[in-house]
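2 protein chains.
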Amino acid sequence: MSDPRHSASIIAIGSEMLGITRVDTNSLKITAALENAGIPLVRKSVVGDSRGDLVAEIRFSLSHSDILVTSGGLGPTEDDLTREGLADALGLEIEVDQSIVDKIAARFAARGWKMPEVNKRQANIFRGQRVLYNERGTAPGFHLVIPGDRRDAQQRVRSPGGEGATEVADALLRVPTAAETHVWVFPGVPHELEWMVAKYFVPWLAEISGGRARRRRVLKIGGLTESAVEERLKPFYEAHPGEPVTILASPAGIEVHLITDAGAEDAESFVTTRENELHEIFGATVFGYDDDTLESVIGRTLAERGETVATAESCTGGLLASRITDIPGSSAYFLGGAVCYTAAAKTDLAGVDAALIRANGEVSEPVAIAMAQGIRQRFGSTYGIGVTGIAGPTGGTPEKPVGTVHIAVASALAVEHRKLQWQGPRTIIKWYSTQQALDMLRRFVPKAR
Amino acid sequence: MSDPRHSASIIAIGSEMLGITRVDTNSLKITAALENAGIPLVRKSVVGDSRGDLVAEIRFSLSHSDILVTSGGLGPTEDDLTREGLADALGLEIEVDQSIVDKIAARFAARGWKMPEVNKRQANIFRGQRVLYNERGTAPGFHLVIPGDRRDAQQRVRSPGGEGATEVADALLRVPTAAETHVWVFPGVPHELEWMVAKYFVPWLAEISGGRARRRRVLKIGGLTESAVEERLKPFYEAHPGEPVTILASPAGIEVHLITDAGAEDAESFVTTRENELHEIFGATVFGYDDDTLESVIGRTLAERGETVATAESCTGGLLASRITDIPGSSAYFLGGAVCYTAAAKTDLAGVDAALIRANGEVSEPVAIAMAQGIRQRFGSTYGIGVTGIAGPTGGTPEKPVGTVHIAVASALAVEHRKLQWQGPRTIIKWYSTQQALDMLRRFVPKAR
Chain A
5 MSDPRHSASI
15 IAIGSEMLGI
25 TRVDTNSLKI
35 TAALENAGIP
45 LVRKSVVGDS
55 RGDLVAEIRF
65 SLSHSDILVT
75 SGGLGPTEDD
85 LTREGLADAL
95 GLEIEVDQSI
105 VDKIAARFAA
115 RGWKMPEVNK
125 RQANIFRGQR
135 VLYNERGTAP
145 GFHLVIPGDR
155 RDAQQRVRSP
165 GGEGATEVAD
175 ALLRVPTAAE
185 THVWVFPGVP
195 HELEWMVAKY
205 FVPWLAEISG
215 GRARRRRVLK
225 IGGLTESAVE
235 ERLKPFYEAH
245 PGEPVTILAS
255 PAGIEVHLIT
265 DAGAEDAESF
275 VTTRENELHE
285 IFGATVFGYD
295 DDTLESVIGR
305 TLAERGETVA
315 TAESCTGGLL
325 ASRITDIPGS
335 SAYFLGGAVC
345 YTAAAKTDLA
355 GVDAALIRAN
365 GEVSEPVAIA
375 MAQGIRQRFG
385 STYGIGVTGI
395 AGPTGGTPEK
405 PVGTVHIAVA
415 SALAVEHRKL
425 QWQGPRTIIK
435 WYSTQQALDM
445 LRRFVPKAR
Chain B
5 MSDPRHSASI
15 IAIGSEMLGI
25 TRVDTNSLKI
35 TAALENAGIP
45 LVRKSVVGDS
55 RGDLVAEIRF
65 SLSHSDILVT
75 SGGLGPTEDD
85 LTREGLADAL
95 GLEIEVDQSI
105 VDKIAARFAA
115 RGWKMPEVNK
125 RQANIFRGQR
135 VLYNERGTAP
145 GFHLVIPGDR
155 RDAQQRVRSP
165 GGEGATEVAD
175 ALLRVPTAAE
185 THVWVFPGVP
195 HELEWMVAKY
205 FVPWLAEISG
215 GRARRRRVLK
225 IGGLTESAVE
235 ERLKPFYEAH
245 PGEPVTILAS
255 PAGIEVHLIT
265 DAGAEDAESF
275 VTTRENELHE
285 IFGATVFGYD
295 DDTLESVIGR
305 TLAERGETVA
315 TAESCTGGLL
325 ASRITDIPGS
335 SAYFLGGAVC
345 YTAAAKTDLA
355 GVDAALIRAN
365 GEVSEPVAIA
375 MAQGIRQRFG
385 STYGIGVTGI
395 AGPTGGTPEK
405 PVGTVHIAVA
415 SALAVEHRKL
425 QWQGPRTIIK
435 WYSTQQALDM
445 LRRFVPKAR
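Here the protein sequences come in this chain order: A and B. The first sequence begins at 5 in our numbering and counts up one residue at a time. The second sequence begins at 5 in our numbering and counts up one residue at a time.
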């Protein structure tokens, strides 16, 4: 499925990316663009603000791929060495583009400021190479095209030979067969990079891949564990060996990724065929596709049906309401909720009979059901959800250990309840309880009323 | 502050780490261990499951550092090539450790299963090198020690020379001066790696760094923007040039990191002196230290004072209650809350006078105050918080654009209000509104009652 003519590398540049708190996420956007064009990513790396390290990294990357994408190191300070590193590594000459100096100066002048001298560095460009205008910031990007023979020549010229180094080179360098090497140079600020990738890189990839494009269809699965999904997929794997199907587990659900080459003329029917097979395997556990989330799917369904929901939460502490209200337009179907962290609040806000709580305890099936029904009545909503449990780390008993959670979903005529037993820290118990509650509501709605 | 005798590289191994959804986070744990020992990380990279790429990457990394840490690629399948790649790159021999085969077989037998033949690969070890027992999984790790001269020799032996490669090698290789090279090999499963780093790597780092250890003190700042923090720090930077102070901005607040070498005998008083200076600069905006969050600090304060809080939320949709209840033990001081997504709910649950809403609109100072006071009375709590606003993307007007948020905090005797104007998507507006609400409560508590 991938394009054998090309392969790509990514380098993120900046010492701050080598610290204990930051990870490079720009590479994910670049990777997505490459994948859509069917071009394999062979390596990615992070280097600090050292000119020597940068030069070595650029050369090493280009010895493994004919497309290199860099992010970062284009700022105005002396730490920003990407331009210098590329010039050294690729044998390019840097010159000042006065029109860029003028633009930057004008930007400062518009705010009544004088341009600091240091900002002139952002007007440094590579002679004879393409400059990429950056709508979202001061640093322009670049698209550098290095002819195959010239790159090798430059490397030879710029690298004085040394004793003992000869034999290693062959192992380190795997000279690509491509006639040209392409280096795309983007700023590190995520929203600047994102804009430039979409504006310049994606169209170029579409061009070199001849309109071929990978298509990725994601099925979202709710209410199954990752291993259960794997188990169910076994016959599918056996029936279609070598086809790219991937399982990805995240707290928001299990994803089954189906990847195909949209350039093939039968791609559309191929995807449909495979999707139908997956639907047979997973049935109602498929809650959505691609960017869908449980909360967005529920929102769409409720909005379409003109129905509403209200929530009464104990152990999830408001997280269920918060997830529902993350969706734009949720005020059309979410009326509100109560967070009842005490028995009194369950009675006062969700209308749970105090005697019921005394008889069964706050964490029990009857109380979860009464919360769902009570909050529904209080808000006059189509559906009510009640969640009560023990999020821990304390508060458990032998009969009701930490992680015991009761969830109920109610309409005017029907009610459903589930008892769950989670393990893990409090925030995990909260999250998975809301995940179950949303999945219960999703399945409850079509058959309710 | 860093140890000039050593430098480190990290390689994460596995094609799945080159996809569009995963980032390598194991490296952050390794980086933290290195930083505490004062050993600089010079590069990190991700490579796929290709033996050739892996060999080249290992050699390239070792040409830039004398300590290499790898994660991943130790599983039982044929895709797991870390052992083979290391053997090739470093000239080591692989042999089977029968005692490990027996252990893995016993593990399977205990569940009534036969060990699959493929699992024997996890018993492959390097002749004469140290094997690291993995308490949390089947794959052992390794600590490989390669004498400086032997490594160079092996590279020469294993890399047949090639035309044109000579001159490049010198640029690619920067042979470290250290007498020995150390390669630490860990599995990629995060909780296995975490255990092994703590068990084997950290003690070794402490040993080679001679008990020197960096100390990091983090001050958490609330209610200031990143640029405001930078502005206030300018005189501090000028007074103490070259001292390692770092600002990190995240949605949970701005962090000022103060790093020092705890090996120095006056480290303790040094940190105290600098901390006092920072306190003079930032005053009451400092809400905590190190792992503190606004919600944990508020929790500690309320628990100590034996006081309680309740919330009435409109645009934050339950997120405020959810953040408060993320803290273990929050049931001691959080009584509950109401999510009032309609005017009727504001009246019914938070006791806001319907006439007040008609006169001022749902998003207004009087309504925010009435929500805070009303919910306090309803729950009988010491404090009440009211939040009402327009999270967007629709619902804004010229007078009250999207992002307008009113927050009020009330006790029996006092009330405070703030009007905010945010920009960004709904989830961002929700988050920063809760951040402000928590910060307002934090500052309100000491002077209230």
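Here a beta-carbon is modelled for each residue, glycine too, at the ideal position from N, C-alpha and C.
Three or more C-beta pairs under 8 Å: does that hold for the region 44-51 of chain B against the region 209-227 of chain B? no
Interface residues of chain A facing L48(B) [CB-CB closer than 8 Å]: According to the sequence shown, residue 48(B) is Lys rather than Leu. Residues of chain A passing the Cβ test: L22, S49 and V50.
Closer than 9 Å, Cβ to Cβ, to anything on chain A: give me those residues from the region 213-246 of chain B, in chain order. R220
DSSP state of L177(A) mapped onto helix, strand, coil: Because L177(A) carries a pLDDT of 41, less than 50, the predicted location of this residue cannot be relied on, and the following value inherits that uncertainty. Reduced to three states, the DSSP call for L177(A) is coil.
Proximity to G95(B) [Cα-Cα], best of I150(B), R26(B), G257(B) and A349(B): I150(B)
Could you compute how far the alpha carbon of W255(A) sits from the alpha carbon of P194(B)? The displayed chain sequence assigns Pro, not Trp, to residue 255(A). C-alpha separation (whole angstroms): 16 Å.
Specify the secondary structure class of G390(B) as computed by DSSP and reduced to three states. strand
Which term fits G384(B), buried or exposed, when burial requires 16 or more other beta carbons within 10 angstroms of its beta carbon? exposed
Please state whether the Cβ-Cβ distance between E61(B) and I98(B) is less than 9 Å. no
Continuous alpha helix (DSSP H) stretch holding L96(A): start and end: That residue, L96(A), is in no alpha helix (DSSP H); it is neither H nor E in DSSP.
If you measure beta-carbon to beta-carbon, which residues of the region 49-79 of chain B are closer than 9 Å to chain A? S49, V50, V51, G52, S54, G56, D57, V59, A60, E61, R63, F64, S67 and H68
How about V391(A) and H421(A): are their beta carbons less than 9 Å apart? no
Please list the terminal residues of the continuous beta strand (DSSP E) segment that includes W199(A). It is not in any beta strand (DSSP E) - W199(A) instead sits in the alpha helix (DSSP H) that spans P194 to M200.
For Y387(A), would you say it is in contact with chain B, using Cβ-to-Cβ distances shorter than 9 Å as the test? no
Secondary structure of H68(B), DSSP reduced to three states: coil
Are L360(A) and G341(A) close, meaning C-beta to C-beta below 9 Å? no
Below 8 Å on C-beta distance, what does T408(B) contact in chain A? Going along chain A, no residue has its Cβ under 8 Å from T408(B), so there is no contact; the nearest lies around 15 Å.
For I361(A), would you say it is in contact with chain B, using Cβ-to-Cβ distances shorter than 9 Å as the test? no
Anything in the region 313-338 of chain A with a Cβ closer than 9 Å to a Cβ of chain B? List those residues in chain order, please. A314, T315, E317, S318, C319, T320, G321, G322, L323, L324, A325, S326, R327, I328, T329, D330, I331, P332, G333, S334, S335 and F338
Reduced DSSP secondary structure (H/G/I, E/B, other) of K48(B): strand
Please name the residues in the region 376-400 of chain B whose beta-carbon is closer than 9 Å to at least one beta-carbon of chain A, in chain order. R382, F383, G384, A395, G396, P397, T398 and G399
For H186(A), count neighbouring Cβ atoms within 10 angstroms of its own Cβ and tell me buried if that reaches 16, exposed if not. buried
On the premise that G257(A) lies in contact with G303(A), defined as a C-beta separation below 8 Å, what is that separation, rounded to the nearest angstrom? That belief does not hold up - the Cβ atoms of G303(A) and G257(A) are roughly 16 Å apart, past 8 Å.
At the 9 Å Cβ level, is T305(A) part of the contact set with chain B, yes or no? no
Taking buried to mean at least 16 other C-beta atoms within 10 Å of its own C-beta, is S273(B) buried or exposed? exposed
Is there a Cβ of chain B sitting closer than 9 Å to that of A36(A), yes or no? yes
Using CA coordinates, which residue listed in A372(B), N138(B) and L148(B) is at the minimum distance from R131(B)? L148(B)
Shorter than 9 Å from the beta carbon of E311(B) to some beta carbon of chain A? no
Helix or strand or just coil, what does DSSP make of P151(A)? strand
With N123(B) as the anchor, note down where its alpha helix (DSSP H) starts and where it stops. Run containing N123(B): none; DSSP gives neither H nor E here.
With a threshold of 16 other CB atoms inside 10 Å of the CB of S231(A), please say whether the residue is buried or exposed. exposed
Looking at C-alpha atoms only, which residue of V51(A), S69(A), I71(A) and V100(A) is the closest neighbour of G77(A)? V51(A)
Expressed to the nearest angstrom, what Euclidean distance is found between the alpha-carbon atoms of N40(B) and R219(B)? 7 Å
Please report the Cβ distance between E299(A) and R327(A), rounded to the nearest whole angstrom; I am assuming they are in contact, meaning their Cβ atoms lie under 8 Å. 5 Å
Quick check on L252(A) - is its C-beta less than 9 Å from some C-beta in chain B? yes
Residue of A183(A), P191(A) and P80(A) minimising C-alpha distance to V135(A): P191(A)
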